[in-house]
Each structure stands twice: as C-alpha cells, then as structure tokens.
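J.:
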Amino acid sequence: MKRSLLFFTALLLTACTFGGARNTDGSGNLVVMQGTGKVWPIEGGGSRKILLPFGMHVTPDATNNPIDPPERFSGYHVGTDFEISQGEADKVINVYAVCDGDINSSGFVEGYGGLITEYCTINNEKVTVLYGHLAIDSLVAAKTAVTKGQKIAILGAAHSHDTDENRKHLHFGIVKGWTNDVNGYVQTPEELNLFMDAKTVLPL
Ligand SMILES: [Zn+2]
C-alpha cells in the first residue's frame with residue numbers, strides 16, 4: 000500500500016516536471032509552475048511563431064509586412080502577435096491572464112474584435128495588459144478579479160466579427176500605467192516608449 004502510494008507520488012511529480020507550464024487543471028486554467036512564476040498568454044505559447052514582434056514597423060504594402068496577406072494597419076506594432084499553426088483554424092485556443100489583476104474592459108473594440116484589458120502590477124510597475132482578437136462570447140467580464148494562469152477567453156475565428164476581420168491570432172500588448180489606451184500601433188518611435196516589450200513578462 001505504502002509502496003504504491005510512493006510510486007504514484009513519484010509518477011505525479013514526473014508528470015508535473017515534464018508538463019511544465021502547459022499543465023492545466025480541471026477547468027482549463029494553467030497551473031503556474033514554480034521557478035520563473037511566469038505563464039504564456041496563450042495555449043502552446045512557447046512553440047508559436049511570432050511574425051510580428053514588438054516595435055516592428057509595417058504598412059499594408061506586402062513588401063513592408065510579414066503577414067501574408069498583409070493587414071490594413073500602418074505604424075509601429077506595440078504588441079507581440081502569436082500565430083496559430085496549420086490545423087488550428089477550427090480548434091479552440093485558450094487565452095490566459097499573465098498576471099494577477101482586475102479586468103478593466105471586456106468587449107468589442109474596432110481593430111480587434113473581442114478585446115480584454117487587464118490592470119496589473121508587474122515588477123512594481125502599474126501596467127495595462129491587452130489581449131486582442133478574442134471570441135466575444137468567451138470573454139471574462141469587466142470589473143472581475145483574475146489570477147495568473149486563469150483562462151480568460153478563447154481566440155476568435157479568422158475574418159469574423161470576433162477578430163474584426165483579421166486573421167486568427169493573439170495580439171498581446173502591455174501599456175505602461177493603468178490606462179484606457181488600446182492602440183495596437185503607434186506612428187512614432189517616441190510613442191513606443193509608452194509601451195513595454197511583452198518579453199519582460201513572458202517565460203523566456
Ligand atoms: Zn498585433
């Protein structure tokens with residue numbers, strides 16, 4: 000009896016170690032593993048392509064845009080875009096809070112479709128975290144408290160109201176301060192200073 004319990008415990012520990020930050024509990028929330036204490040904002044985060052990183056300047060011209068076909072935006076990208084892989088067009092992709100915080104807004108915003116903004120404090124700095132292109136039916140409501148790793152939405156379908164006609168992907172942005180600024184692009188490098196590179200909160 001004792002021996003089988005020990006064996007089971009060892010098995011469980013092994014599963015946790017190798018499952019890393021992608022382990023989920025019964026309700027689909029991420030289990031935050033000890034160590035970095037950081038989580039990805041999207042299921043499968045560490046293995047996803049990032050074609051449009053923080054600070055990249057794009058236009059709708061295909062020669063000046065990594066997205067094929069290019070989207071309609073111009074300027075310096077203030078977020079990090081996580082792409083889906085082949086075969087995920089119809090798959091449910093979970094989106095997770097990267098920090099303990101309060102949902103400031105939740106709903107449709109032009110350019111994003113479903114958007115959640117969350118007020119957090121990261122490294123003693125107040126920040127507003129943006130999660131964009133989400134299925135509107137799936138959004139956690141505004142004015143609720145969420146915890147790091149909690150599922151807050153799923154990605155919206157490509158070229159639908161939920162993504163405001165964009166491709167299926169996650170726009171993940173961090174604005175310095177607690178604000179209602181929901182810009183996805185800015186027009187000058189100076190304005191980029193109002194935002195934080197998402198790398199600072201990702202488990203890299
Ligand atoms: Zn984006």
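Here the sequence shown stands for residues 0 to 203, where the numbers follow numbering that gives the first Met the number 0.
Just so you know, even glycine gets a beta-carbon here, dropped at the ideal spot from N, CA and C.
Only a predicted model underlies this, so the values are computations on that prediction, with no experimental measurement involved.
#1: What does DSSP give as the partner residue(s) for Ile121 in the beta ladder?
#2: According to the Cβ coordinates, are Val94 and Ala152 closer than 7 Å?
#3: Sort Thr127, Arg166, Gly176, Val185 by Cα distance to Pro68 and report the nearest one.
#4: Could you give the first and the last residue of the continuous beta strand (DSSP E) run that contains Asp80?
#5: Identify whether Pro202 lies in helix, strand or coil by the three-state DSSP scheme.
#6: Taking only the alpha-carbon atoms, compute the straight-line gap between Gly112 and Leu133 and give it to the nearest angstrom.
#7: Hey, out of Ile173, Lys147, Val108, Val91, whose CA is closest to Asp80's CA?
#8: Can you tell me the Cα-Cα spacing of Asp99 and Thr146, whole angstroms?
#9: When DSSP labels each residue in this structure, what does Ser137 get in the three-state scheme?
#10: Would you report the Cα separation of Leu233 and Ile66, rounded to the nearest angstrom?
#11: Using CA coordinates, which residue listed in Met55, Glu82, Tyr75, His76 is at the minimum distance from Ile41?
#12: If you draw a straight line from the alpha carbon of Met0 to that of Gly176, how long is it in whole angstroms?
#13: State the Cα-Cα distance for the pair Gly36 and Gly106, rounded to the nearest angstrom.
#14: Between the C-alpha atoms of Leu114 and Thr143, what's the straight-line distance to the nearest angstrom?
#15: Give a single yes or no on whether Asp67 has its beta carbon closer than 6 Å to a heavy atom of ligand 1.
#16: State the Cα-Cα distance for the pair Val57 and Asp163, rounded to the nearest angstrom.
T.: If we stick to the structure as given:
#1: What you label residue 121 is simply residue 122 of the sequence shown in a count that begins at 1. DSSP output for Ile121 lists Glu124 as bridge partner(s).
#2: Within the sequence shown, residue 94 is the residue found at index 95, counting from 1. Within the sequence shown, residue 152 is the residue found at index 153, counting from 1. Yes, the Cβ-Cβ distance between Val94 and Ala152 is below 7 Å.
#3: For this step, residue 68 is matched to residue 69 along the sequence shown. Closest option to Pro68, Cα to Cα, is Arg166.
#4: Here the question's residue 80 lines up with position 81 in the sequence shown. For Asp80, the enclosing beta strand (DSSP E) covers residues 78-82.
#5: Position 203 of the sequence shown, counting from 1, holds the residue named residue 202. Coil.
#6: Stepping through the sequence shown from its first residue, residue 112 is reached at position 113. Stepping through the sequence shown from its first residue, residue 133 is reached at position 134. Approximately 7 Å between the Cα atoms of the pair.
#7: Position 81 of the sequence shown holds residue 80. The residue with the shortest Cα to Cα distance from Asp80 is Ile173.
#8: Numbered from 1 along the sequence shown, position 100 holds the residue referred to as residue 99. Numbered from 1 along the sequence shown, position 147 holds the residue referred to as residue 146. About 4 Å.
#9: The residue you call residue 137 lines up with position 138 of the sequence shown. Three-state result, Ser137: helix.
#10: Since the first and last residues shown for the chain are 0 and 203, residue 233 lies out of range.
#11: In the sequence shown, counting from the first residue as 1, residue 41 sits at position 42. That would be Glu82, whose Cα lies nearest to the Cα of Ile41.
#12: Within the sequence shown, residue 0 is the residue found at index 1, counting from 1. Within the sequence shown, residue 176 is the residue found at index 177, counting from 1. Because the pLDDT at Met0 is just 44, under 50, the model does not fix this residue reliably, and the value given afterwards should be weighed accordingly. Their backbone Cα atoms lie some 55 Å apart in a straight line.
#13: The residue labelled residue 36 in the question sits at position 37 within the sequence shown. The residue labelled residue 106 in the question sits at position 107 within the sequence shown. Their Cα atoms are separated by approximately 28 Å.
#14: Here residue 114 refers to the residue found at position 115 of the sequence shown. Here residue 143 refers to the residue found at position 144 of the sequence shown. Rounded to the nearest whole angstrom, the CA to CA distance from Leu114 to Thr143 is 15 Å.
#15: Here the question's residue 67 lines up with position 68 in the sequence shown. No, Cβ of Asp67 sits at least 6 Å from all heavy atoms of ligand 1.
#16: Position 58 of the sequence shown, counting from 1, holds the residue named residue 57. Position 164 of the sequence shown, counting from 1, holds the residue named residue 163. Cα to Cα, Val57 sits roughly 19 Å from Asp163.
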